[in-house]
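Have a look at the structure below, then the notes.
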Amino acid sequence: MQKTSVAQKSGVLQRIKTIPPVVYMLVVLIVVFSIMEPNYLSFSNFRNVLIQATPLMIVAFAQTCIILTQGTDLSLGAQVSFVTVFTVYLAQRGIILEVAMLISVICTLLIGAVNGVIVAKGNLPPFIATYGMQNIVNSISLLLAMGSSISFPSFTYRLVTETTILMIPLMVWVAVLVFIIVWIILKKTKFGTNIHGLGGNKEALSLAGINPDRYLIQTYAFAGLIAGIAGIITLCRIESGQTTVANGWEFQAVAAALLGGTSLREGKGGVTGTIFGVLLIQIIKNGLNVVGVTSIYQNAIIGSIVLAAIIIDAVVRFRSTKE
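Per the numbering used here, the very first residue in the sequence shown carries number 113; after that it's consecutive.
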């Protein structure tokens, strides 16, 4: 009996160790903000956090897939902005809005595929290749929008943002669906196994007769597809095409993935942890707004907390490998 009890305690401790530090930081922040503002834990505020986090969360799922291959896609934010602009641009020229949305998402899939080809076949570092693509896509968006925001009125926007299921907006359920699809692909399919393999041991894939370049291109294309979906959600929220709406999201997505436990070097991690990383970032933003911290200080505070969380996570992981 005593041995069984010890074994059970050991099993519980092992499970606790697998919980990313970001989860504990989330709990601490929620407690702190709820003490500072009594209404912080209201359902309406929780709902607002989910709504605000949804587009970034979808982008972070895409970035997680790229990071698992030991890469980083700096064009994801630009792709989101491009979708908002290009969809409106097409709609203004007589194309049905829903069709324009589909065309825009196909375009981001192709942009992702081009990124993959450049990285895989051109042997360029992902950081450099996708940074170049970021500038190209941003320039196209600026040209299409003539340097300003463009709009096209439609009921479709509010259908996506205001329709609720179990009191949760449809757009949040879209993010849930994207999460489920990406999770299944990463955990249950050959494609997902090879994505992890690209980051864990690319040479082993080649020795097994698998073409790593093919899967790398497919991964970037898949990330582009996901970014396109985030672009549609963003468009429905802002109801206009804006060239800078998603500036910096690619870096926030990287931070969210790292906070969630995805490794830049080992092909380890997944989208489940990424959810907590995005929520941490969004809860910090929301909490600072609720307690009245001015925007002048918010970026510095958010950056400091995120950096501290990443350092803590790295230290914990380093110690766990030593044990």
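The beta carbon of each residue, even a glycine, is placed where N, CA and C say it ideally should be.
What residue range is occupied by the uninterrupted alpha helix (DSSP H) comprising residue i?
| i | result |
| --- | --- |
| residue 377 | Element bounds for residue 377: n/a, residue is neither H nor E. |
| residue 368 | 361-371 |
| residue 160 | 155-179 |
| residue 312 | 302-312 |
| residue 263 | Neither: residue 263 is in no alpha helix (DSSP H) and is coded neither H nor E. |
| residue 213 | 209-234 |
| residue 151 | Neither: residue 151 is in no alpha helix (DSSP H) and is coded neither H nor E. |
| residue 449 | Not covered by the structure: residue 449. The range shown for the chain is 113 to 435. |
| residue 132 | Careful: residue 132 lies outside any alpha helix (DSSP H) and carries neither H nor E. |
| residue 339 | 324-350 |
| residue 389 | 383-402 |
Pick out whichever of the options has its Cα sitting closest to the Cα of residue i.
| i | options | result |
| --- | --- | --- |
| residue 206 | 190, 266, 182 and 237 | 266 |
| residue 165 | 340, 344 and 394 | 394 |
| residue 363 | 218, 295, 418 and 144 | 418 |
| residue 287 | 134, 317 and 390 | 390 |
| residue 290 | 259, 383, 222 and 246 | 383 |
| residue 349 | 208, 233, 281 and 326 | 281 |
| residue 261 | 199, 313, 292 and 284 | 199 |
| residue 220 | 234, 192 and 236 | 192 |
| residue 263 | 327, 203 and 155 | 203 |
Throw me the rounded Cβ distance for the residue i and residue j pair, which I believe falls under 8 Å.
| i | j | result |
| --- | --- | --- |
| residue 186 | residue 269 | Contact flag wrong, Cβ pair sits at about 28 Å. |
| residue 231 | residue 238 | 5 Å |
| residue 195 | residue 379 | Not really, about 29 Å apart at Cβ, beyond 8 Å. |
| residue 361 | residue 171 | 5 Å |
| residue 257 | residue 211 | Actually they do not touch by this definition, with Cβ atoms about 20 Å apart. |
| residue 276 | residue 167 | No, residue 276 and residue 167 are not in contact; Cβ-Cβ is about 18 Å, not under 8 Å. |
| residue 336 | residue 223 | 5 Å |
| residue 392 | residue 138 | 5 Å |
If you drop the 5 nearest sequence neighbours on each side, which residues of the same chain put their C-beta closer than 6 Å to that of residue i?
| i | result |
| --- | --- |
| residue 182 | 311 |
| residue 351 | 269 |
| residue 331 | 177, 181 and 307 |
| residue 240 | none |
Identify, in the order they occur along the chain, each residue of the same chain with its Cβ nearer than 8 Å to the Cβ of residue i, setting aside the five sequence neighbours on each side.
| i | result |
| --- | --- |
| residue 254 | 355 |
| residue 381 | 176, 179, 180, 369, 372, 373, 374 and 375 |
| residue 316 | 309 |
| residue 405 | 413 |
Leaving out the 5 sequence neighbours to the left and right, which residues in its chain are closer than 7 Å to residue i when beta-carbon positions are compared?
| i | result |
| --- | --- |
| residue 322 | 306 |
**OP:** Could you tell me whether the stretch 343-357 touches the stretch 367-378, using the rule of 3 or more Cβ pairs below 8 Å?
**Re:** The stretch 367-378 and the stretch 343-357 do not touch, with fewer than three beta-carbon pairs separated by less than 8 Å.
Original post:
Taking one C-beta from the stretch 151-166 and one from the stretch 218-230 each time, how about it: are there three or more such pairs within less than 8 Å?
Top reply: Fewer than three Cβ pairs drawn from the stretch 151-166 and the stretch 218-230 lie within less than 8 Å of each other, which leaves the two stretches out of contact.
**OP:** Evaluate the contact criterion for the stretch 172-182 versus the stretch 298-308: three or more CB pairs, one atom per stretch, below 8 Å.
**Re:** Yes, they touch.
**OP:** Take every Cβ of the stretch 136-156, pair it with every Cβ of the stretch 390-406, and state whether three or more of those distances are shorter than 8 Å.
**Re:** Contact holds: three or more Cβ-Cβ distances are below 8 Å.
Original post:
If we count Cβ pairs, one from each stretch, closer than 8 Å, do we get three or more for the stretch 211-221 versus the stretch 269-278?
Top reply: Verdict: no, contact absent.
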